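Participant:
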């Protein structure tokens, strides 16, 4: 970085605008006491730090009553009332080479200004209240333009941030140096002062940043790891659960397979038993038919037997009552003939012996015939019913009864003949039908007998079949009960039904269990791997832990190395400067732990030193820090110092500024110690630019605390 | 005037005599005793009078009259025959009339005797049948029928005339009867 110029307008002793042009290398601003050297330095300080010389270490300008406005301009306003505003402004222009932040070199213009409005009093005159000089209203503007003419302005807070990029806060203190106020500007008593510088110029901040990132990552990883562990534990839980479930499933599967095997065996047994029962039933199915047939035949046979028996009985009855009379028709005829013979005989006896009987008196038979014919056969005349002839004929009826009784023997015979005389014709009629009756009967009985015989044969066959069955299946078949077999078969059918339902159900269960086990095993395989050690997060945690250790070690090493380097560089600078005067210097010693600064002699023993020794030592530290920072960060900062050599002699000062010219790419040394040597200095190779300023007596303002600075 | 008894009434109380030696054997063999069936024997007739009547009818049919000889016995009254079969009862009377003439009606004992003798003749014929066809011939019911089937109608001449041409005659040679 090269500061090209600084312009101060109405700032302290600088009335209106005053420009300082700087060059690369060593720029010396030389002027006597009161010429405005420190005001120039304050210009830098105000611009960059919003602070000015004379303020306490922690005092803010906006809280002080220190005036930064040129007194002359203030007086001009009070007197002339020409304007009601004062513009107080410091502006620098600088060049920055390309860096990681921007590709092209940039021209920066940094401006801090304060516009102060003045109040009018009752007389119409301007007046201001000193309180306005707090930094209220101070405005910072940073604007850059690059090689491509890109430009961008920043204001206020953004401008502060942009300025911090240009002059990092941690190193900024070391760029600006005012010897007389060294201890005020840089509080080396504060152990963090060096610490911060060291952090800035080293990679420690990077390490710290890395460490923070690392720790952040580690924290996340730890959380993630914890989650993973939780998840792992959860997975473990799931794993255990799955294992347990698989074991249960496998046990159930084994049990179900056994059950299935048993069920299949049982079903086989049931089916065999069913087959056996069905066979028995088939056998028995024949037996009842046979038995039924046998019973039926026996019944029919019995019926036939009874029928035949009845027929036999009937035959006997018929035989006894009629049939045994067969062939006796002749006897009946003869008997009848005997009866007629007797009747005739008796009648002849009556005709001969009964004289009371009128001659020609017909018998009843003849009379009845005449009455029937209604004609008298004797006289051959008609005798209509109830006519006289009819009544006359009828009067002769029973004339025989009226006969006188014949011989008692004849009459006895007659009575006995009358007793039997109706039988011959009647029985003869019956006998006439005996042949047919016998024939019918014989046919009937023959038919029934044949039928009975046929039935007997059938029955015999049936009995033979039954016997064959018994012979084949044993006597036990007679004790078999189809109802019992059917009941057993029904039970077996039910059992088979149960098994037939159970077996597919078991098969389904087994299939489902196998699938379940397969799925659980797949799930298990997914869960099987995750050992904690295999987590990426775990590995990363190990890595971050390792990195943390490395960072910590490197941080310590870097810090120690840097401290050593600062010490060595600072002591080298001191030695380089000191060898001119051959003065005894005190070596700087920075505590490795708390960065506290101490001074030691060449033997390492504590030596607090005196003012010049301390100043040199401290400036050497500053120079060392800036130098190392420039080297390490590849960014050169200018060194701006006010009265760095106030404690030194002339020769010592020359040696110091020569040392500075070698240390910094650009340095601006404001000093009164070289006023007498300006001409000489201008010729020195290590001096690039010498600017002289002096007090402008003409423009001095009465009652003013500051003189007006004039740039020569 | 008191009515004279009919011939049936006259013989109701009489018991036909049966030869003990032969006829009774036939009766006992083929008729149950007092109607009781003997399961072990083949008794075609339920009652003894039936066998007697059967024998008598055969005797009348074949006109085989044989006086009873030797010891006789009685087992039933004629009323039993009438009570069981009036036709048979009167047939026997009528057969007697046919063979002996109507005068027999006035001689009940003769009538009974005639019946007894024809029955006795019938028993003889039965014996001759058994002798000819086997002693077990009438063990078969069918043969009782066969016996009547084998009979041929016969005409009988008036009692005053001889009818020996159709009579079974005991030849006396011990071979039984021949028609």
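Residue numbers (my numbering), protein chains in the order written: chain X, 1 to 712; chain P, 1 to 179.
All C-beta atoms, glycine included, are put in the ideal place defined by N, C-alpha and C.
Since the structure is predicted, the reported quantities are computational estimates derived from the model, not experimental observations.
1) Buried or exposed for residue 58 (chain X), please, with buried defined as at least 16 other CB atoms from any protein chain shown within 10 angstroms of its CB.
2) If you measure between the beta carbons of residue 330 (chain X) and residue 114 (chain P), is that distance less than 7 Å?
3) Can you say whether residue 719 (chain X) is buried or exposed, counting buried as having 16 or more other CB atoms within 10 angstroms of its CB?
4) Do the CB positions of residue 38 (chain X) and residue 696 (chain X) come within less than 7 Å of each other?
5) From X:485, X:333, X:663, pick the residue whose C-alpha is nearest to that of residue 428 (chain X); which is it?
6) Please report the straight-line C-alpha distance between residue 628 (chain X) and residue 194 (chain X), rounded to a whole angstrom.
7) Starting from the beta carbon of residue 46 (chain P), find every residue of chain X whose beta carbon is closer than 9 Å, and list them in chain order.
8) Under 8 Å between beta-carbons, which chain P residues line up against residue 409 (chain X)? List them in chain order, please.
9) Suppose the cutoff is 7 Å on Cβ atoms and the five residues either side in sequence are ignored; what does the same chain contact list for residue 56 (chain X) look like?
10) How many Å lie between residue 272 (chain X) and residue 488 (chain X) at the Cα?
11) Take residue 693 (chain X) and list the residues in its own chain whose beta-carbon comes closer than 8 Å to its own, dropping the five residues that flank it on each side.
12) Between the alpha carbons of residue 514 (chain X) and residue 498 (chain X), how many angstroms are there, rounded?
13) On the DSSP letters alone, give me the boundaries of the beta strand (DSSP E) that residue 5 (chain P) sits inside.
14) Just verifying my parser: in three-state terms, what is the DSSP assignment at residue 597 (chain X)?
15) Any beta carbon of chain C sitting closer than 7 Å to that of residue 425 (chain X)?
16) At which residue ranges does the segment 442-529 of chain X contain complete alpha helix (DSSP H) runs of 4 or more residues, listed in the order of the chain?
17) Looking at the secondary structure, which residues open and close the beta strand (DSSP E) in which residue 584 (chain X) lies?
18) What residues from chain X crowd round residue 87 (chain P), counting only those whose CB sits closer than 9 Å?
19) Please classify residue 137 (chain P): does DSSP put it in a helix, a strand, or coil?
20) Taking a contact to mean a Cβ-Cβ separation below 7 Å, would you say residue 54 (chain P) touches residue 80 (chain P) in this structure?
21) From the DSSP secondary-structure annotation, give me the bridge partner or partners of residue 108 (chain X).
22) Apply the 10 Å Cβ neighbour rule to residue 290 (chain X) and answer buried if 16 or more other Cβ atoms are within range, or exposed otherwise.
23) At 8 Å on the CB atoms, spell out the chain P contacts of residue 335 (chain X), in chain order.
24) So residue 113 (chain X) and residue 46 (chain X) are supposed to be a Cβ contact under 8 Å. How far apart are they, rounded?
25) Could you check how far apart the C-beta atoms of residue 729 (chain X) and residue 517 (chain X) are, in whole angstroms? I think they sit under 8 Å.
26) Using the rule of at least 16 other Cβ atoms within 10 Å of the residue's Cβ for burial, across every protein chain shown, is residue 13 (chain P) buried or exposed?
27) Indicate whether at least one CB of chain P lies closer than 7 Å to the CB of residue 343 (chain X).
28) Throw me the rounded Cβ distance for the residue 470 (chain X) and residue 478 (chain X) pair, which I believe falls under 8 Å.
29) Strictly below 7 Å CB to CB, what residues from chain X border residue 101 (chain P)?
30) Chain X beta carbons: is any one of them nearer than 7 Å to that of residue 20 (chain P)?
31) Which residue wins for smallest C-alpha separation from residue 433 (chain X), given the options X:494, X:323, X:493?
32) Measuring straight from C-alpha to C-alpha, what distance separates residue 257 (chain X) and residue 506 (chain X)?
33) Helix, strand or coil for residue 74 (chain P)? Go by DSSP, reduced to three states.
34) Just checking my contact of residue 68 (chain P) with residue 9 (chain P) at CB under 8 Å: how many whole Å lie between their CB atoms?
35) Which of the three DSSP states is assigned to residue 377 (chain X) in this structure?
Facilitator: So, from the data block:
1) For this step, residue 58 (chain X) is matched to residue 58 along the first chain. Here residue 58 (chain X) scores only 48 on pLDDT, less than 50, and its place in the model should not be relied on; the value that follows carries that caveat. Exposed, by the Cβ-count rule.
2) The sequence position of residue 330 (chain X) within the first chain is 330, counting from 1. The sequence position of residue 114 (chain P) within the second chain is 114, counting from 1. Going by C-beta atoms, residue 330 (chain X) is not nearer than 7 Å to residue 114 (chain P).
3) Residue 719 (chain X) lies beyond the residue range present for chain X, which begins at 1 and ends at 712; the question has no answer from this structure.
4) Stepping through the first chain from its first residue, residue 38 (chain X) is reached at position 38. Stepping through the first chain from its first residue, residue 696 (chain X) is reached at position 696. In this structure, residue 696 (chain X) does not lie closer than 7 Å to residue 38 (chain X) by Cβ.
5) Numbered from 1 along the first chain, position 428 holds the residue referred to as residue 428 (chain X). Nearest C-alpha to residue 428 (chain X): X:333.
6) Indexing the first chain from 1 puts residue 628 (chain X) at position 628. Indexing the first chain from 1 puts residue 194 (chain X) at position 194. Looking at the two C-alpha atoms, the distance is approximately 13 Å.
7) Numbered from 1 along the second chain, position 46 holds the residue referred to as residue 46 (chain P). The answer, in chain order, is 313, 316, 317, 320.
8) Start at 1 with the first residue of the first chain, and residue 409 (chain X) comes out as number 409. By Cβ distance, chain P contributes 106.
9) As a working note, residue 56 (chain X) is residue 56 in the first chain. Caution is warranted here: a pLDDT of 47 is assigned to residue 56 (chain X), below 50, making its placement in the model unreliable, and the coordinate value is therefore given only provisionally. Hits under 7 Å: none found.
10) Locating residue 272 (chain X) in the first chain gives position 272, where the first residue counts as 1. Locating residue 488 (chain X) in the first chain gives position 488, where the first residue counts as 1. Rounded to whole angstroms, residue 272 (chain X) to residue 488 (chain X) spans 13 Å at the Cα level.
11) Mapped onto the first chain, residue 693 (chain X) falls at position 693. Cβ neighbours of residue 693 (chain X) beyond the five flanking positions: 29, 30, 31, 35, 36, 37, 40, 709, 710, 711, 712.
12) What you label residue 514 (chain X) is simply residue 514 of the first chain in a count that begins at 1. What you label residue 498 (chain X) is simply residue 498 of the first chain in a count that begins at 1. C-alpha separation (whole angstroms): 23 Å.
13) Position 5 of the second chain, counting from 1, holds the residue named residue 5 (chain P). Element bounds for residue 5 (chain P): n/a, residue is neither H nor E.
14) Position 597 of the first chain, counting from 1, holds the residue named residue 597 (chain X). Strand at residue 597 (chain X).
15) Within the model displayed, chain C is absent; protein chains X and P are what it includes.
16) 482-528
17) As a working note, residue 584 (chain X) is residue 584 in the first chain. It is not in any beta strand (DSSP E) - residue 584 (chain X) carries neither H nor E in the DSSP assignment.
18) Numbered from its first residue, the second chain carries residue 87 (chain P) at position 87. Correct list: 321, 322, 325, 423, 426, 427, 430.
19) For the purposes of this step, residue 137 (chain P) is taken as residue 137 along the second chain, with counting starting at 1. Note: residue 137 (chain P) maps to helix in three-state DSSP.
20) Counting from 1 along the second chain, the entry for residue 54 (chain P) is found at position 54. Counting from 1 along the second chain, the entry for residue 80 (chain P) is found at position 80. The answer is no: Cβ separation not under 7 Å.
21) Working through the first chain from its first residue, we reach residue 108 (chain X) at position 108. Partner(s): X:94, X:144.
22) The residue labelled residue 290 (chain X) in the question sits at position 290 within the first chain. Its Cβ being crowded by 16 or more others within 10 Å, residue 290 (chain X) is buried.
23) Numbered from its first residue, the first chain carries residue 335 (chain X) at position 335. Neighbours of residue 335 (chain X) on chain P, chain order: 94, 95, 97, 98.
24) Position 113 of the first chain, counted from the first residue, corresponds to residue 113 (chain X). Position 46 of the first chain, counted from the first residue, corresponds to residue 46 (chain X). Going by Cβ atoms, the distance from residue 113 (chain X) to residue 46 (chain X) rounds to 10 Å, so no, they are not a contact pair.
25) What is shown of chain X runs 1 to 712, which leaves residue 729 (chain X) out entirely.
26) Within the second chain, the letter at position 13 stands for residue 13 (chain P). By the neighbour-count rule (16 or more Cβ atoms within 10 Å), residue 13 (chain P) is not buried but exposed.
27) Taking the first residue of the first chain as position 1, residue 343 (chain X) is located at position 343. No, its Cβ sits nowhere closer than 7 Å to a Cβ of chain P.
28) As a working mapping, residue 470 (chain X) is identified with position 470 in the first chain. As a working mapping, residue 478 (chain X) is identified with position 478 in the first chain. Correct: roughly 7 Å between the Cβ atoms.
29) Looking up residue 101 (chain P) in the second chain gives position 101. Those within 7 Å of residue 101 (chain P) in chain X are 338.
30) Locating residue 20 (chain P) in the second chain gives position 20, where the first residue counts as 1. For residue 20 (chain P), the answer is no, since every Cβ of chain X falls outside 7 Å of its Cβ.
31) As a first step, residue 433 (chain X) must be located in the first chain, where it is residue number 433. The shortest C-alpha separation from residue 433 (chain X) is found at X:323.
32) The residue given as residue 257 (chain X) occupies position 257 in the first chain. The residue given as residue 506 (chain X) occupies position 506 in the first chain. If you take the alpha carbons of residue 257 (chain X) and residue 506 (chain X), they lie about 8 Å apart.
33) Along the second chain, one-based indexing puts residue 74 (chain P) at 74. Coil.
34) As a first step, residue 68 (chain P) must be located in the second chain, where it is residue number 68. As a first step, residue 9 (chain P) must be located in the second chain, where it is residue number 9. Actually they are not in contact, since the Cβ atoms of residue 68 (chain P) and residue 9 (chain P) sit about 24 Å apart, beyond 8 Å.
35) Position 377 of the first chain holds residue 377 (chain X). Here residue 377 (chain X) sits in coil by DSSP.
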